[in-house]
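S.K.:
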Amino acid sequence: MSAPAPRPPSVDSLLGPGGALEQALPAYEHRPEQLQMARAVERAFSEGSYLLAEAGTGTGKTLAYLVPALLAGRKVVVSTATKTLQDQVFFKDLPLLSEKLGLQFEAAYLKGRGNYLCLHRYEAFEKDPQFVSRDEAKQWPLLKRWVTETETGDRAELDLPESFATWSRLSTTSETCLGSRCSQYETCFVTKMRKRAEAADLLVVNHHLFFADLALRSSGKRTEGVLPFYEAVVFDEAHALEDVASGHFGYSVSNYRLEELSRDAVAALPVKDERHATLAALAQRVRSHADALFLQAPRALGFSSQESTVALRPETMGKLSGALEQVREGLSALASFSGSEREAELAAIHRRAEEMVEQLTFLEKAESSEHVYWAEARGKGIFLRANPIDVAKELRDRLYGALDTVVFTSATLAADGRFDFFAKRMGMYDEEGQPVTRVRTLAVPSPFDFPRQSALYLPTHLPDPSAPGFIEAAAEEIIQLCEVTGGRAFVLFTSLRNMVRAYELTATRLPYQALLQGERPKAQLLESFRQTPSVLFAAHSFWEGVDVPGDALSLVIIDRLPFASPGDPLVAARIRQIEARGEEPFDQYQLPQAALALRQGFGRLIRTQADRGIVAMLDRRIVTKGYGRVFLSSLPPAKRMEDTTELSRWFNGPVRPVPPLRTVR
Numbered sequence: 001m002s003a004p005a006p007r008p009p010s011v012d013s014l015l016g017p018g019g020a021l022e023q024a025l026p027a028y029e030h031r032p033e034q035l036q037m038a039r040a041v042e043r044a045f046s047e048g049s050y051l052l053a054e055a056g057t058g059t060g061k062t063l064a065y066l067v068p069a070l071l072a073g074r075k076v077v078v079s080t081a082t083k084t085l086q087d088q089v090f091f092k093d094l095p096l097l098s099e100k101l102g103l104q105f106e107a108a109y110l111k112g113r114g115n116y117l118c119l120h121r122y123e124a125f126e127k128d129p130q131f132v133s134r135d136e137a138k139q140w141p142l143l144k145r146w147v148t149e150t151e152t153g154d155r156a157e158l159d160l161p162e163s164f165a166t167w168s169r170l171s172t173t174s175e176t177c178l179g180s181r182c183s184q185y186e187t188c189f190v191t192k193m194r195k196r197a198e199a200a201d202l203l204v205v206n207h208h209l210f211f212a213d214l215a216l217r218s219s220g221k222r223t224e225g226v227l228p229f230y231e232a233v234v235f236d237e238a239h240a241l242e243d244v245a246s247g248h249f250g251y252s253v254s255n256y257r258l259e260e261l262s263r264d265a266v267a268a269l270p271v272k273d274e275r276h277a278t279l280a281a282l283a284q285r286v287r288s289h290a291d292a293l294f295l296q297a298p299r300a301l302g303f304s305s306q307e308s309t310v311a312l313r314p315e316t317m318g319k320l321s322g323a324l325e326q327v328r329e330g331l332s333a334l335a336s337f338s339g340s341e342r343e344a345e346l347a348a349i350h351r352r353a354e355e356m357v358e359q360l361t362f363l364e365k366a367e368s369s370e371h372v373y374w375a376e377a378r379g380k381g382i383f384l385r386a387n388p389i390d391v392a393k394e395l396r397d398r399l400y401g402a403l404d405t406v407v408f409t410s411a412t413l414a415a416d417g418r419f420d421f422f423a424k425r426m427g428m429y430d431e432e433g434q435p436v437t438r439v440r441t442l443a444v445p446s447p448f449d450f451p452r453q454s455a456l457y458l459p460t461h462l463p464d465p466s467a468p469g470f471i472e473a474a475a476e477e478i479i480q481l482c483e484v485t486g487g488r489a490f491v492l493f494t495s496l497r498n499m500v501r502a503y504e505l506t507a508t509r510l511p512y513q514a515l516l517q518g519e520r521p522k523a524q525l526l527e528s529f530r531q532t533p534s535v536l537f538a539a540h541s542f543w544e545g546v547d548v549p550g551d552a553l554s555l556v557i558i559d560r561l562p563f564a565s566p567g568d569p570l571v572a573a574r575i576r577q578i579e580a581r582g583e584e585p586f587d588q589y590q591l592p593q594a595a596l597a598l599r600q601g602f603g604r605l606i607r608t609q610a611d612r613g614i615v616a617m618l619d620r621r622i623v624t625k626g627y628g629r630v631f632l633s634s635l636p637p638a639k640r641m642e643d644t645t646e647l648s649r650w651f652n653g654p655v656r657p658v659p660p661l662r663t664v665r
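Residue numbers (UniProt numbering): 1 to 665.
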């Protein structure tokens with residue numbers, strides 16, 4: 001009698017109590033929360049539904065969605081917000097499932113085109129290499145040798161400075177890529193990457209690449225994206241989706257973009273070609289008119305020394321109408337000439353010039369009620385932008401209609417215990433409030449013992465954040481709090497101005513290394529922070545996606561409740577849109593958004609079961625205002641304190657032993 005066929009692996013047999021993962025890894029403890037989430041993801045794949053899964057820190061959510069995704073027998077995209085998590089999924093978690101559990105699958109790691117060497121552009125650059133500095137020129141021999149050796153063309157293989165400007169001349173974007181008409185198409189690193197992706201069961205990407213690809217393939221103009229056909233998507237760190245999607249579904253024209261087009265047009269034909277002189281003259285015409293436009297723009301649009309963004313309105317754009325028209329005429333002439341020729345390079349110039357004419361016209365009118373129009377000054381660049389105010393409709397039109405299974409997961413999806421805010425912002429309900437597909441929700445708590453591991457310090461003696469003297473009083477509080485923990489603190493700010501001012505007031509008085517965001521690359525700051533007791537003053541990018549487990553981080557100080565600035569053009573437009581519907585924007589948008597942001601900041605503190613520390617919120621409104629209840633109810637159940645003496649006793653007192661993770665046997 002033959003032996004019965006082995007049962008196929010399942011979520012329970014792999015992640016359940018006594019399952020394959022526990023047997024393969026003696027140090028691994030089965031987590032009921034992880035299994036609960038994995039079962040919910042498995043159900044979403046089997047029935048074809050959308051799942052909103054909030055999984056607290058320490059749940060093991062990555063394996064909780066990877067295992068059912070790999071068992072589903074479908075082509076799945078996993079999209080993350082940060083490169084750190086993307087690397088973890090591909091280089092740590094997937095090999096674990098393959099090597100320890102014996103799961104058989106093919107996975108591909110994809111980045112945007114700009115990360116890969118473009119052989120066509122490299123070939124053109126090599127004929128006449130020009131560099132912005134001697135330091136960049138010194139990298140050229142290393143880069144040339146690498147080109148002969150690399151199998152992937154991935155810039156990450158090189159130890160190049162982040163600011164290496166020459167890379168933009170050696171790589172391409174969806175706009176500048178020649179596609180299948182390129183002479184190097186078959187040997188292209190992006191083409192090879194895409195072929196690997198077509199053969200894979202699971203694709204690991206980031207949100208920017210996912211939405212850049214989705215915007216391209218759903219535009220109706222060009223269909224060749226980077227990602228191949230896929231059947232389901234898992235969005236990890238899904239709380240970051242709205243802003244990423246909005247950026248890719250909009251329009252943007254900048255002095256950089258016009259300068260690049262002009263430069264590429266000049267290089268599109270060899271100098272000895274009889275058409276080169278005409279093409280170069282047309283390109284120079286675009287360049288000179290663009291320079292004139294962006295020289296006038298700051299004053300015409302109302303930029304000030306304190307503002308880096310301003311709203312665009314028809315009346316302000318009218319001040320630039322003459323300059324805009326000259327740029328459009330120059331682009332049209334360039335498009336007309338290049339469109340009459342057969343070369344792939346000229347066809348690309350024709351397409352790009354026509355698209356910019358269309359987008360400049362859209363930006364100048366500034367009349368769509370579904371878009372917010374704004375300008376941004378960043379470094380030497382000025383960007384004219386139009387973004388959809390609400391990405392809900394865009395997602396319904398571009399994504400949901402093609403997929404029956406989408407999983408959204410993050411440690412922060414629910415505000416005040418409800419998923420309504422996120423679900424509506426993501427378009428899972430139509431204008432009548434009806435679900436566009438089957439939507440399920442799941443909130444899985446963290447296994448960490450927050451009352452034992454964390455304290456929430458809520459001082460009420462500080463001035464209101466809008467009152468004079470707040471930042472000075474906050475600086476004194478920062479010094480006192482750092483004395484409790486011996487430094488080892490993140491001080492997180494909602495504005496760069498407050499960040500710099502607090503640093504100026506405290507850095508020389510702190511007996512610890514004081515670090516300031518922007519002085520060094522993020523990775524270097526974190527490495528220095530981990531090695532030496534430090535106080536890091538940071539904003540924005542350090543509120544999420546930063547992982548410092550252990551004693552190196554024992555204190556997170558937050559200066560004020562993270563309400564988005566109503567002066568931000570996109571935020572202001574969303575507020576107006578909600579008001580137009582007869583709803584209250586504070587309750588429907590500003591408050592839940594801020595509550596989710598605060599949870600992200602809190603989440604920097606406790607990363608493992610052995611971590612212990614303090615979160616200090618210096619904004620008294622969390623206690624004195626009625627809406628403070630929403631913030632407090634959204635945070636983990638830390639021990640609350642209002643006195644630094646009590647706080648010091650708690651932090652420096654005897655520590656109860658760490659209980660093991662809960663295990664079901």
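Virtual Cβ for every residue (Gly too), placed ideally from N, Cα, C.
1) Less than 8 Å between the C-beta atoms of leucine 635 and leucine 462, yes or no?
2) Would phenylalanine 235 pass as a contact of phenylalanine 105 if the rule is Cβ separation under 8 Å?
3) Which of the three DSSP states is assigned to phenylalanine 537 in this structure?
4) Looking at C-alpha atoms only, which residue of Leu525, Leu516, Glu394 and Glu431 is the closest neighbour of leucine 214?
5) Please confirm whether isoleucine 382 and serine 254 have their CB atoms less than 8 Å apart.
6) Specify, as a first and last residue, the run of the alpha helix (DSSP H) that isoleucine 575 falls within.
7) According to the neighbour-count rule (16 or more other Cβ atoms, all chains shown, within 10 Å of its Cβ), is proline 468 buried or exposed?
8) Report the residue from Ile614, Tyr185, Ser528 and Ile349 whose alpha carbon sits nearest the alpha carbon of residue 666.
9) Looking at leucine 64: is its Cβ nearer than 8 Å to the Cβ of alanine 55?
10) Using a Cβ-Cβ cut-off of 7 Å (strictly less than) and excluding sequence neighbours within five positions of phenylalanine 294, which residues of its own chain qualify?
11) Considering only their Cβ atoms, is the gap separating alanine 638 from valine 615 smaller than 8 Å?
12) Report the option in Val310, Tyr109 and Arg328 whose CA atom is closest to the CA atom of leucine 85.
13) Where alanine 40 and threonine 57 are concerned, what is the direct C-alpha to C-alpha distance, given to the nearest angstrom?
14) Among the candidates Leu66, Arg275, Pro32 and Pro26, whose CA atom is the shortest distance from the CA of phenylalanine 45?
15) Answer yes if the segment 597-617 comes into contact with the segment 436-450, meaning at least three C-beta pairs across the two stretches below 8 Å, and no otherwise.
16) Could you check whether alanine 38 and valine 11 sit closer than 8 Å to each other, using their CB atoms as the reference points?
17) Sorted by chain position, which residues of the same chain lie with C-beta nearer than 7 Å to threonine 441's C-beta, five sequence neighbours on each side aside?
18) Between Val444, Tyr400, Ile389 and Asp404, which lies nearest to threonine 412 when the distance is taken from Cα to Cα?
19) Look at the alpha carbon of leucine 647 and the alpha carbon of arginine 497, and state the distance between them as a whole number of angstroms.
20) Could you tell me which of Thr506, Ser466, Pro459 and Glu476 sits nearest to serine 495, measuring between CA atoms?
21) How many angstroms separate the CA atom of tyrosine 457 from the CA atom of aspartate 551?
22) Given a cut-off of 8 Å on the beta-carbon distance, is the pair phenylalanine 490 and arginine 604 in contact?
23) Return the chain-ordered ranges of every beta strand (DSSP E) run that is complete within the segment 168-225 and spans a minimum of 3 residues.
24) Can you tell me which of the three DSSP states threonine 645 falls into?
25) Leaving out five residues before and five after alanine 300 in sequence, what residues of the same chain have Cβ atoms less than 6 Å from its Cβ?
26) Once you ignore the five residues that flank leucine 536 on each side, which residues in its own chain have a CB closer than 6 Å to its CB?
27) I'd like to check one pair, arginine 385 with glycine 250: are the Cβ atoms closer than 8 Å?
28) So for tyrosine 400, helix, strand or coil by DSSP?
29) Assuming the contact rule is C-beta atoms closer than 8 Å, valine 357 and arginine 398 should be a hit. Round their C-beta distance to whole Å, please.
30) Along the chain, where does the beta strand (DSSP E) containing phenylalanine 490 start, and where does it finish?
31) Cα separation between glutamate 367 and alanine 297?
32) For leucine 363, count neighbouring Cβ atoms within 10 angstroms of its own Cβ and tell me buried if that reaches 16, exposed if not.
33) Taking the alpha-carbon positions, what's the glutamate 315 to arginine 351 distance?
34) Check this for me: beta carbons of phenylalanine 211 and valine 244, under 8 Å apart or not?
35) Can you tell me which of the three DSSP states tyrosine 589 falls into?
36) Name the residue from Glu370, Arg217, Arg629 and Ile557 whose alpha carbon lies nearest to the alpha carbon of aspartate 416.
M.R.: So, from the listed chains and residues:
1) Sequence index remark: in the sequence shown, residue 635 carries index 635 (1-based). Sequence index remark: in the sequence shown, residue 462 carries index 462 (1-based). Between leucine 635 and leucine 462, the C-beta spacing is not below 8 Å.
2) For the purposes of this step, residue 235 is taken as residue 235 along the sequence shown, with counting starting at 1. For the purposes of this step, residue 105 is taken as residue 105 along the sequence shown, with counting starting at 1. In this structure, phenylalanine 105 does not lie closer than 8 Å to phenylalanine 235 by Cβ.
3) Within the sequence shown, the letter at position 537 stands for residue 537. Residue state, collapsed to three classes: strand.
4) What you label residue 214 is simply residue 214 of the sequence shown in a count that begins at 1. It is Glu394 whose Cα lies nearest to the Cα of leucine 214.
5) Your numbering for residue 382 matches position 382 in the sequence shown. Your numbering for residue 254 matches position 254 in the sequence shown. Taking 8 Å as the Cβ cut-off, isoleucine 382 and serine 254 qualify as a contacting pair.
6) The residue given as residue 575 occupies position 575 in the sequence shown. Per DSSP, the unbroken alpha helix (DSSP H) holding isoleucine 575 starts and ends at 569-580.
7) Walking along the sequence shown from the start, residue 468 turns up at place 468. By the Cβ neighbour-count rule, proline 468 is exposed, with fewer than 16 other Cβ atoms within 10 Å of its own.
8) Here the chain has residues from 1 to 665 only, and residue 666 is not among them.
9) Locating residue 64 in the sequence shown gives position 64, where the first residue counts as 1. Locating residue 55 in the sequence shown gives position 55, where the first residue counts as 1. The amino acid occupying residue 64 in the given sequence is alanine; leucine does not appear at that position. Their beta carbons are under 8 Å apart, which means alanine 64 touches alanine 55 by this criterion.
10) Against the sequence shown, residue 294 aligns to sequence position 294. Excluding sequence positions up to five before and after phenylalanine 294, its CB lies within less than 7 Å of the CB of Asn255 and Ile382, all in the same chain and listed in chain order.
11) Walking along the sequence shown from the start, residue 615 turns up at place 615. Walking along the sequence shown from the start, residue 638 turns up at place 638. Remark: C-beta atoms of valine 615 and alanine 638 approach each other more closely than 8 Å.
12) As a first step, residue 85 must be located in the sequence shown, where it is residue number 85. With distances taken between Cα atoms, leucine 85 lies closest to Tyr109.
13) Working through the sequence shown from its first residue, we reach residue 40 at position 40. Working through the sequence shown from its first residue, we reach residue 57 at position 57. Going from the Cα of alanine 40 to the Cα of threonine 57 covers about 18 Å.
14) Translated into positions along the sequence shown, residue 45 becomes position 45. Checked all of Leu66, Arg275, Pro32 and Pro26; the closest Cα to phenylalanine 45 is Leu66.
15) Segments in contact, yes.
16) For the purposes of this step, residue 11 is taken as the residue at position 11 of the sequence shown. For the purposes of this step, residue 38 is taken as the residue at position 38 of the sequence shown. Against a cut-off of 8 Å, the Cβ pair of alanine 38 and valine 11 comes out as a contact.
17) If you number the sequence shown from 1, residue 441 lands on position 441. Closer than 7 Å at Cβ, skipping near neighbours: Leu52 and Phe419.
18) Translated into positions along the sequence shown, residue 412 becomes position 412. With distances taken between Cα atoms, threonine 412 lies closest to Val444.
19) Numbered from its first residue, the sequence shown carries residue 647 at position 647. Numbered from its first residue, the sequence shown carries residue 497 at position 497. The alpha-carbon atoms of leucine 647 and arginine 497 are separated by roughly 29 Å.
20) Residue numbering aside, residue 495 sits at position 495 when the sequence shown is read from its first letter. Checking every option, the nearest Cα to that of serine 495 belongs to Ser466.
21) Here the question's residue 457 lines up with position 457 in the sequence shown. Here the question's residue 551 lines up with position 551 in the sequence shown. Tyrosine 457 and aspartate 551 have their C-alpha atoms some 19 Å from each other.
22) Taking the first residue of the sequence shown as position 1, residue 490 is located at position 490. Taking the first residue of the sequence shown as position 1, residue 604 is located at position 604. Contact flag set, yes.
23) With a minimum length of 3 residues, the continuous beta strand (DSSP E) runs that stay inside the segment 168-225 are 202-206.
24) Along the sequence shown, one-based indexing puts residue 645 at 645. Threonine 645 sits in a helix when the DSSP states are folded into three classes.
25) Translated into the one-based positions of the sequence shown, residue 300 becomes position 300. Contacts found: Lys319 and Leu320.
26) Start at 1 with the first residue of the sequence shown, and residue 536 comes out as number 536. Only residues of its own chain outside the window of five on either side were considered, and among them Phe490, Leu515 and Phe529 have a CB closer than 6 Å to the CB of leucine 536, listed in chain order.
27) The residue labelled residue 250 in the question sits at position 250 within the sequence shown. The residue labelled residue 385 in the question sits at position 385 within the sequence shown. It is a contact, given that the beta carbons lie within the stated cut-off.
28) Walking along the sequence shown from the start, residue 400 turns up at place 400. Judged by DSSP in its simplified three-state form, tyrosine 400 adopts helix.
29) Here the question's residue 357 lines up with position 357 in the sequence shown. Here the question's residue 398 lines up with position 398 in the sequence shown. Their Cβ separation, rounded to whole angstroms, is 24 Å, which puts valine 357 and arginine 398 out of contact at 8 Å.
30) By 1-based counting over the sequence shown, the position of residue 490 is 490. For phenylalanine 490, the enclosing beta strand (DSSP E) stretches over residues 489-493.
31) Counting from one through the sequence shown, the residue named residue 367 turns up at place 367. Counting from one through the sequence shown, the residue named residue 297 turns up at place 297. Cα to Cα, the separation comes out at about 19 Å.
32) Locating residue 363 in the sequence shown gives position 363, where the first residue counts as 1. Buried.
33) The residue labelled residue 315 in the question sits at position 315 within the sequence shown. The residue labelled residue 351 in the question sits at position 351 within the sequence shown. Approximately 30 Å between the Cα atoms of the pair.
34) Along the sequence shown, one-based indexing puts residue 211 at 211. Along the sequence shown, one-based indexing puts residue 244 at 244. Going by C-beta atoms, phenylalanine 211 is nearer than 8 Å to valine 244.
35) By 1-based counting over the sequence shown, the position of residue 589 is 589. In the structure shown, tyrosine 589 sits in a helix (DSSP, three-state: H, G or I).
36) Taking the sequence shown and counting its residues from 1, one reaches residue 416 at position 416. Distances from the alpha-carbon of aspartate 416 to those of Glu370, Arg217, Arg629 and Ile557 put Arg629 closest.
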